[in-house]
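Asker: Going by my numbering, the first residue of the sequence shown is number 100, and it counts up by one from there.
The beta-carbon is built from N, C-alpha and C at its ideal position, and this holds for glycine as well.
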Amino acid sequence: MGEIADGARKAVANLLLNCAKGEFGQSVMIVHEPKDEQFYDPALPEFVAEKVRDLGFEVGLHEVPFQKEVKDPSSELINAMNSVDHTIFLARLGDQMRFREIKQSGSKIISYALDRDMLVSGFGTADYRGFEALKSTINKAIVNADEIHVTCPEGTDYKGYVENAEEELVDVSLKRFPMSIFTPVPARHFKGKIAQVGFLTGTGSQYYTPYACEIEKTLFIEFDGNVITGFSGSETDVASAEGHYNFVANKFGIDPFYVHSWHAGMQPACAFPLPAAESFERWSGGAFGNPRLLHFHTCGQYPPGEISINFVDPTITLDDQPVWDKGTLYPERLSGGTEILNAYPSLRKVFQEPSRDIGLGKAGRLSFT
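#1: Does the Cβ-Cβ distance between Lys472 and Tyr257 come in under 9 angstroms?
#2: Over what stretch of residues does the beta strand (DSSP E) that includes Ser331 continue unbroken?
#3: Using 10 angstroms around the beta-carbon of Phe156, count the other beta-carbons present and answer buried if the total reaches 16, otherwise exposed.
#4: Whole angstroms are fine: how far does the CA of Glu405 sit from the CA of His131?
#5: Please classify Leu428: does DSSP put it in a helix, a strand, or coil?
#6: Would a C-beta distance cut-off of 9 angstroms place Ala286 and Phe371 closer than the cut-off?
#7: Met278 bridges to which residues according to DSSP?
#8: In whole angstroms, what separates the C-alpha of Asp336 from that of Ser466?
#9: Figure out for me which residue from Phe330, Phe322 and Gln305 has the closest Cα to the Cα of Ile353.
#10: Check Thr224 in the structure and name its three-state DSSP category.
#11: So for Cys118, helix, strand or coil by DSSP?
#12: Can you name the start and end residues of the alpha helix (DSSP H) that Leu393 belongs to?
#13: Bridge partners of Gly259, per DSSP?
#14: Is it the case that the Cβ atoms of Ile415 and His248 are separated by a distance below 9 angstroms?
#15: Among Ala190, Ile177 and Ala338, whose alpha-carbon lies nearest the alpha-carbon of Gln166?
#16: According to DSSP, Cys369 sits in a beta bridge with which residue or residues?
#17: Starting from the C-beta of Ser204, find all residues in its chain whose C-beta is less than 7 angstroms away, skip the five residues before and the five after it, and write them out in chain order.
#18: Is it buried or exposed, Gly124, if we count other Cβ atoms within 10 angstroms and call 16 or more buried?
#19: Do the segment 226-233 and the segment 107-118 touch if we need at least three Cβ pairs shorter than 8 angstroms?
#20: Helix, strand or coil: how does DSSP classify Asp456 here?
#21: Going straight from the alpha carbon of Ile320 to that of Ile439, what length do you get?
#22: If you run the structure through DSSP and keep just helix, strand and coil, what is Glu321?
#23: Could you please give the first and the last residue of the uninterrupted alpha helix (DSSP H) stretch that includes Val147?
#24: Tell me whether Glu132 sits in a helix, a strand or coil according to DSSP, three-state version.
#25: On the CB-based measure, 16 or more other CB atoms within 10 Å of its CB, does Gly463 come out buried or exposed?
#26: To the nearest angstrom, how far is it from the Cα of Phe230 to the Cα of Phe450?
#27: DSSP puts Pro421 in a beta bridge; with which residues?
#28: Once DSSP output is grouped into helix, strand and coil, what is the label at Leu233?
#29: Do you know how far the Cα of Val169 is from the Cα of Glu145?
#30: First and last residue of the beta strand (DSSP E) that includes Gly159?
#31: Pair every Cβ in the segment 426-440 with every Cβ in the segment 372-388, then say whether three or more of these pairs are closer than 8 angstroms.
#32: Does the segment 446-461 come into contact with the segment 360-374, if we say contact requires no fewer than three beta-carbon pairs (one atom in each stretch) closer than 8 angstroms?
#33: On the criterion of 16 or more Cβ atoms from any shown chain inside 10 Å, does Thr41 qualify as buried, or is it exposed?
#34: Taking only three categories from DSSP, how would you classify Ser173?
#35: For the beta strand (DSSP E) that Phe188 lies in, which residues bound it at each end?
#36: Could you work out which residue in Ser220, Leu192, Gly221 and Gly436 is closest to Ile209 when comparing CA atoms only?
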């Protein structure tokens, strides 16, 4: 019990002091969903609020309904956000708004720690500043690479590069906590094929039913820049994928086969122990930060699109350096990476003891059932 309490204190201090840059005595609002929603642990808002209070901040709770389709925050929420120094989203609404321009004052943070176990683990306690530095280092390495080559054991194989980095790299308007990915890489100058196993699922932008589409074998998705140019594999899988893309596109009036961007996870303590099939929505919103996962934002000419393509154990080679190698991220293979690990012992620890739990099915692969 003492270990949990210590982890909770470290995690909330990491969130408010290292991520939000807060100062003792400032005000914090925790935005949360009704308890019956179950996406976040229903006990998490009160648990976090208690630790925020213990840390010396004023704290209040603000409940918002879960809405499958979200355009803009309500005027009530905007006014509430303007009245505090820091807003923490323990609600999908934060994720749904992450690429929207939000002008409200104060810091705005989305928590991807969905329950107490995620929060008090190395996922929540490893120094945010270290991962912020690592993200910056990865971004720099990506934009400076002449060629980026990505593969996976199932047959993914694509190449490309980033041009005009300042214009192309578009990040979220809210801060992510924990910091678990680098800035999404535009697909514009990439070409190749992606091997999808198990399912296609949503991106956390809008919610629809069915949220996932079964892939029985291996579906190959060919793309050239911002366009999916074809599907190959079994007739059943090709028909399922085409039908799902058209269903989602027709529902929202968007381009079905647009490819916006991609990214891998970079936080090895991000763990999702349950099979993805138990809740594709929670898996989509909680597992992606692990370096064993890489996903694409597709279906819609905006980030993050409405359908994500996910594959396991990527190798990401920047010029001749495999920075991700079969799902393991090696910061020391980046210029400045060793210095970051030396400066932040909590980062070194999670890279030495990475979680392998990413929601795989019984056969050790992504699975619809």
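Answerer: On the basis of the supplied data:
#1: Outside the shown range of the chain, which is 100 to 468, sits residue 472, and nothing can be said about it.
#2: By one-based count along the sequence shown, residue 331 stands at place 232. Note, Ser331: beta strand (DSSP E), Val326 to Ser331.
#3: Start at 1 with the first residue of the sequence shown, and residue 156 comes out as number 57. Counting Cβ neighbours within 10 Å, Phe156 comes out buried, since at least 16 surround it.
#4: On the sequence shown, position 32 is the one that residue 131 refers to. On the sequence shown, position 306 is the one that residue 405 refers to. Using only the alpha carbons, I get a separation of about 23 angstroms.
#5: Working through the sequence shown from its first residue, we reach residue 428 at position 329. Reduced to three states, the DSSP call for Leu428 is strand.
#6: For this step, residue 286 is matched to residue 187 along the sequence shown. For this step, residue 371 is matched to residue 272 along the sequence shown. In this structure, Phe371 does not lie closer than 9 angstroms to Ala286 by Cβ.
#7: Your numbering for residue 278 matches position 179 in the sequence shown. Answer is none; Met278 lacks a bridge partner.
#8: In the sequence shown, residue 336 corresponds to position 237, counting from 1. In the sequence shown, residue 466 corresponds to position 367, counting from 1. One C-alpha to the other measures close to 14 angstroms.
#9: Numbered from 1 along the sequence shown, position 254 holds the residue referred to as residue 353. Per the Cα distances, Gln305.
#10: Against the sequence shown, residue 224 aligns to sequence position 125. Looking at Thr224 - three-state DSSP - the assignment turns out to be helix.
#11: Taking the sequence shown and counting its residues from 1, one reaches residue 118 at position 19. DSSP places Cys118 in helix when its eight states are reduced to three.
#12: As a working note, residue 393 is residue 294 in the sequence shown. Segment Leu392 to Thr397 is the beta strand (DSSP E) holding Leu393; no alpha helix (DSSP H) there.
#13: What you label residue 259 is simply residue 160 of the sequence shown in a count that begins at 1. DSSP, once it has assigned bridges, lists Ile247 and Phe289 as partnering Gly259.
#14: Taking the sequence shown and counting its residues from 1, the one referred to as residue 415 is at position 316. Taking the sequence shown and counting its residues from 1, the one referred to as residue 248 is at position 149. Closer than 9 angstroms, so yes.
#15: Position 67 of the sequence shown, counted from the start, is the residue given in the question as residue 166. For Gln166, the nearest C-alpha among the options comes from Ala190.
#16: As a first step, residue 369 is located in the sequence shown; it is residue number 270 there, counting from the start. The partner list for Cys369 (beta bridge, DSSP) is empty, contrary to what the question assumes.
#17: Against the sequence shown, residue 204 aligns to sequence position 105. Closer than 7 angstroms at Cβ, skipping near neighbours: Asn181.
#18: In the sequence shown, residue 124 corresponds to position 25, counting from 1. Looking at its Cβ environment, which holds fewer than 16 other Cβ atoms inside 10 Å, Gly124 is exposed.
#19: yes
#20: The sequence position of residue 456 within the sequence shown is 357, counting from 1. Three-state result, Asp456: coil.
#21: Reading the sequence shown from its first residue, position 221 is the one you call residue 320. Reading the sequence shown from its first residue, position 340 is the one you call residue 439. Looking at the two C-alpha atoms, the distance is approximately 36 angstroms.
#22: Taking the first residue of the sequence shown as 1, we reach residue 321 at position 222. Strand at Glu321.
#23: Reading the sequence shown from its first residue, position 48 is the one you call residue 147. Per DSSP, Val147 belongs to the alpha helix (DSSP H) from Leu143 to Asp153.
#24: Stepping through the sequence shown from its first residue, residue 132 is reached at position 33. Coil, per DSSP.
#25: As a working mapping, residue 463 is identified with position 364 in the sequence shown. So Gly463 counts as exposed.
#26: In the sequence shown, residue 230 corresponds to position 131, counting from 1. In the sequence shown, residue 450 corresponds to position 351, counting from 1. Rounded to whole angstroms, Phe230 to Phe450 spans 11 angstroms at the Cα level.
#27: Counting from one through the sequence shown, the residue named residue 421 turns up at place 322. Answer is Thr416, bridged to Pro421.
#28: Here residue 233 is taken as the residue at index 134 of the sequence shown, counted from 1. Residue state, collapsed to three classes: helix.
#29: By 1-based counting over the sequence shown, the position of residue 145 is 46. By 1-based counting over the sequence shown, the position of residue 169 is 70. Those two C-alpha atoms are separated by around 25 angstroms.
#30: Counting from 1 along the sequence shown, the entry for residue 159 is found at position 60. Counting along the chain, the beta strand (DSSP E) containing Gly159 begins and ends at Glu157 to Glu162.
#31: no
#32: yes
#33: Outside the displayed span of the chain (100 to 468) sits residue 41, for which this structure offers no information.
#34: The count along the sequence shown starts at 1 and reaches residue 173 at position 74. In this structure, Ser173 counts as coil in the three-state DSSP scheme.
#35: Here residue 188 corresponds to residue number 89 of the sequence shown, with the count starting at 1. First-last of the beta strand (DSSP E) with Phe188: His185 to Leu189.
#36: Position 110 of the sequence shown, counted from the start, is the residue given in the question as residue 209. Closest option to Ile209, Cα to Cα, is Leu192.
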